[in-house]
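Top to bottom, those sequences are chains A and B. Mapping of the first sequence onto my numbering: position 2 corresponds to residue 2, and the numbering continues sequentially without gaps. Mapping of the second sequence onto my numbering: position 207 corresponds to residue 1207, and the numbering continues sequentially without gaps. Backbone N, C-alpha and C define an ideal beta-carbon position, used for all residues, glycine too. Just so we're clear, the structure is a prediction, and the values are computed from it rather than from any experiment.
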Amino acid sequence: MKDLISKIRAKFGAEVLRKEENQFWIKVSRENLLNVCLFIKDNSFEFFSSLSAVDILEKNIIELIYHIWSKEKKIGLNIKTEIDRETPKINSVSKIYNSSQIHEREIHELFGVIFLGNPDLSELFLEDWPGPPPFLKSFDWRNYIREKFYSKGNKKEKGYFDNR
Amino acid sequence: MNKDKKEYQEFLFGPAHPGSGNFSVRIKLTGEMVIEAKSDPGYLHRGFEKLMEYRDIWQNAVLSDRICVFEPLAWNLIFAEAVEKLTDIEVSKKAKYIRVILVELSRIQSHLIWFGALSSATGFDTGLKIAFGYRDYILDLFSALTGGRIYPAGYICPGGLRRELPQNIEGRILKVLGKIEQAISYFEEEDPIFGVRTKGIGILKLEDAIRLGATGPVLRASGLKDDVRKSEPYEIYQEIDFNLPVLKNGDAYSRFKVGLLEMKESIKIIKQLLNKIPSGDFLNKKLKVGTTFNLPDKEIYLRNEIARGEGAVYIKGNSGPNPERVKIKGPSFLHLIPVLEFLLKGAEVADIPVIYWSLNPCPADMDR
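Structure follows, in structure tokens:
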């Protein structure tokens, strides 16, 4: 396994963040993501477990974490990559891992990340949602609800505007 | 029939259909055959991942019940384990034993719901009544152990458990297991009509199962021996002797059969542990339920094998009491969208409920 990690490091300039029990955490650039995925898929990492996104306001980035497993080696690889918050675009890995398509569709809806090459990025959970991507840190849902559904003039609803 | 001369008819399976739960599939038909199916989730989207960013650990432990209605204890355990690993909290051996017993009981009752719904989908309503009737024995146990029949309110919490076991519960659990064995013997009676309705229906080949991200009983019914409990043992699964039932056909009948064999294995696991529960604390002494603590600025991805497949959470802390981000991966998210869409294509109308329920779905853990 260490061979594979050092190969990824040498070939694609990946940064090894840490190892815990049977999981490796590595960081690659967004340009190299597809190549790394192709490479590890040939090395028995064929199960796509999940895709997480973290919105980091201070650094102005969205961090994507691909959780991929090898059932043969019983090892997990968590691949991190960063994309810009203003233009959140990245190549889709759905051609390599088919099941990632639905994860990408979810992240697209909740974080507004555009996955180039994903065949279907239509709405998933939120039907006819007019607002911004709701899981971004910049989206204040309390404020959104206050403005959309409550009015200051209404006696019963005034309390919602008091504390903040 | 086709007034506007369309070549196909379009209709919705669910969300009000009695067999579909809070979930619907848009189906296009020509004659009796489904030509396209598109899952339409979102009826249960409660935004837990976002909500958890505004709640502290103890509130989130209770919230984690609600991720899946059918097996709240399993999600309790995943969340508790993740927090323990993040903050290096130790759990006593006693708590681990009780946790595994509870999770396996939860697996059995979840499978009973599955079989009840599956037999209802094949037009055999008595099966539904039998399964739900026997499930109630386990719910009574949960009520005695955790205080809640369905929702344990965070009984399995970071650091161990919320309460001590009631006295002489072992005998009661054994009695209930006897009842469940009786229920299994009912399900083992091969009904020819059930066989006709499920054999050769909804075949999922192994390469498709892996490609579409199937896990758990669905994957094992397609022929891959894979289980997180075996491959990366958590709690005390490495000390327990149990088998993984695997079948090759990948049809609805194999999935049902795998579930049935799994229930027997769960009974075996519980019987092994019952007499050996060690003495010790049920909750880590350094912790007090309700007293919040800060999560370190670290992240973790943790997987467990729950009744429907692989459940996982990603948690990132930010040195504060609330997590920075929580991602929940439910197995039904993949079973109900890519796998179901794939299996329904080319199926007959009458087989839609059978295929749907053979996947052991839970719309709640898909929508979150």
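>> Tell me the DSSP secondary structure of B:L1063 in three-state form.
In response: Shown here, B:L1063 sits in a helix according to DSSP, grouped into three states.
> Helix, strand or coil for A:R146 per DSSP?
Replying inline: In the three-state scheme derived from DSSP, where H, G and I count as helix and E and B as strand, A:R146 is classed as helix.
>> The alpha helix (DSSP H) that contains B:V1103, what's its start and end?
In response: If you look at B:V1103, you'll find it in the alpha helix (DSSP H) that goes K1093 to A1121.
> Under three-state DSSP, which class holds B:Y1234?
Replying inline: Reduced to three states, the DSSP call for B:Y1234 is coil.
> Count the other CB atoms within 10 Å of the CB of A:R85; is the residue buried (16 or more) or exposed (fewer)?
Replying inline: Burial call: buried.
>> I'd like to know whether the C-beta atoms of B:Q1272 and B:I1236 end up nearer to each other than 7 Å.
In response: No, they are not a contact pair.
> Any beta-carbon of chain A closer than 7 Å to the one on B:R1325?
Replying inline: Yes, its Cβ sits closer than 7 Å to a Cβ of chain A.
>> Nearest by alpha-carbon distance to B:D1351: which of B:K1248, B:E1170 and B:R1197 is it?
In response: Of the candidates B:K1248, B:E1170 and B:R1197, the one whose C-alpha sits nearest the C-alpha of B:D1351 is B:R1197.
>> Going by C-alpha to C-alpha distance, which of B:K1327, B:T1291 and B:L1302 sits closest to B:I1057?
In response: Out of B:K1327, B:T1291 and B:L1302, the CA that lies nearest to the CA of B:I1057 is found in B:T1291.
>> So if DSSP puts B:Y1314 in a beta bridge, which residue, or which two residues, is it bridged to?
In response: Answer is B:Y1301 and B:K1327.
> Are the beta-carbon atoms of B:I1101 and B:I1270 separated by less than 7 Å?
Replying inline: Cβ distance < 7 Å, so B:I1101 and B:I1270 count as in contact.
> Since B:A1312 meets chain A, which of its residues come closer than 8 Å, beta carbon to beta carbon?
Replying inline: Contact annotation for B:A1312 against chain A: S49, S50 and H67 [CB-CB distance below 8 Å, chain order].
> Just the Cα atoms here: how many angstroms apart are B:G1127 and B:I1184?
Replying inline: Between B:G1127 and B:I1184, the alpha-carbon positions lie close to 11 Å from each other.
> With a CB to CB cut of under 7 Å and the five nearest residues on each side skipped, what residues in its chain are close to B:A1364?
Replying inline: Only L1044, I1067, C1068 and V1069 meet the Cβ criterion.
> Taking the DSSP output, what are the residues bridged to B:Q1272?
Replying inline: According to the DSSP secondary-structure assignment, B:Q1272 is paired through a beta bridge with no residue.
>> Is B:K1050 close to chain A? Criterion is C-beta to C-beta, closer than 7 Å.
In response: True, the Cβ-Cβ gap to chain A drops below 7 Å.
> Shorter than 7 Å from the beta carbon of A:I102 to some beta carbon of chain B?
Replying inline: Judged by the 7 Å Cβ criterion, A:I102 is in contact with chain B.
> Using a C-beta to C-beta distance shorter than 9 Å, which residues of chain A count as neighbours of B:Y1151?
Replying inline: Per Cβ cutoff of 9 Å: no residues; B:Y1151 is ~23 Å from chain A at best.
>> So, at 6 Å on beta carbons, what are the nonlocal neighbours of B:A1153 in its own chain, with the 5 sequence-adjacent residues on each side left out?
In response: Annotation for B:A1153: V1062 place their beta carbon closer than 6 Å to its own, counting only its chain and skipping 5 residues before and after.
> What alpha helix (DSSP H) runs, 4 residues minimum, are completely inside the region 1207-1252 of chain B?
Replying inline: List check, alpha helix (DSSP H) in window: 1216-1221 and 1228-1231.
> Taking Cβ to Cβ, would you say B:I1337 is nearer than 7 Å to B:S1039?
Replying inline: In contact: B:I1337 and B:S1039 (Cβ atoms closer than 7 Å).
>> What does the alpha-carbon distance come out to for the pair A:I61 and A:D55?
In response: Per the coordinates, the alpha-carbon of A:I61 lies some 7 Å from the alpha-carbon of A:D55.
> Does B:L1334 have its Cβ less than 7 Å from a Cβ in chain A?
Replying inline: The beta carbon of B:L1334 sits closer than 7 Å to some beta carbon of chain A.
>> Under 8 Å: do the region 1161-1173 of chain B and the region 1292-1299 of chain B share three or more Cβ pairs, one atom per stretch?
In response: Contact fails: fewer than three Cβ-Cβ distances are below 8 Å.
>> So the candidates are B:L1260, B:T1122, B:D1227 and B:A1144; which of them puts its Cα closest to the Cα of B:G1195?
In response: Distances from the alpha-carbon of B:G1195 to those of B:L1260, B:T1122, B:D1227 and B:A1144 put B:T1122 closest.
>> For a contact defined as C-beta to C-beta under 9 Å, what are the partners of A:E46 on chain B?
In response: The CB of A:E46 comes closer than 9 Å to the CB of I1210 and R1211 in chain B, given here in chain order.
>> Which residues in chain A have a C-beta closer than 7 Å to the C-beta of B:I1337? List them in chain order.
In response: Neighbours of B:I1337 on chain A, chain order: I102.
>> Since A:I231 and A:K74 should fall inside the 8 Å C-beta cutoff, what is the C-beta to C-beta distance between them, to a whole number of angstroms?
In response: An answer regarding residue 231 of chain A cannot be provided, because it is not within the stretch 1 to 164 covered by chain A.
>> Please report the straight-line C-alpha distance between B:L1359 and A:K11, rounded to a whole angstrom.
In response: Going by the C-alpha atoms only, they are around 41 Å apart.
> Taking C-beta to C-beta, are B:I1193 and B:A1252 nearer than 7 Å?
Replying inline: No, the pair does not count as a contact, with Cβ atoms beyond the cut-off.
> Identify the residues that DSSP records as bridge partners of A:F48: which are they?
Replying inline: A:I68, per the DSSP bridge assignment.
> CB B:A1214 to CB B:S1254, shorter than 7 Å?
Replying inline: No.
>> With distance defined between alpha-carbon atoms, name the residue in B:E1190, B:E1090, B:K1028 and B:R1055 nearest to B:P1321.
In response: Cα-wise, what sits closest to B:P1321 is B:R1055.
> Which partner residues does A:N78 have in the DSSP bridge list?
Replying inline: A:N78 has A:W25 and A:H67 as its beta-bridge partners, per DSSP.
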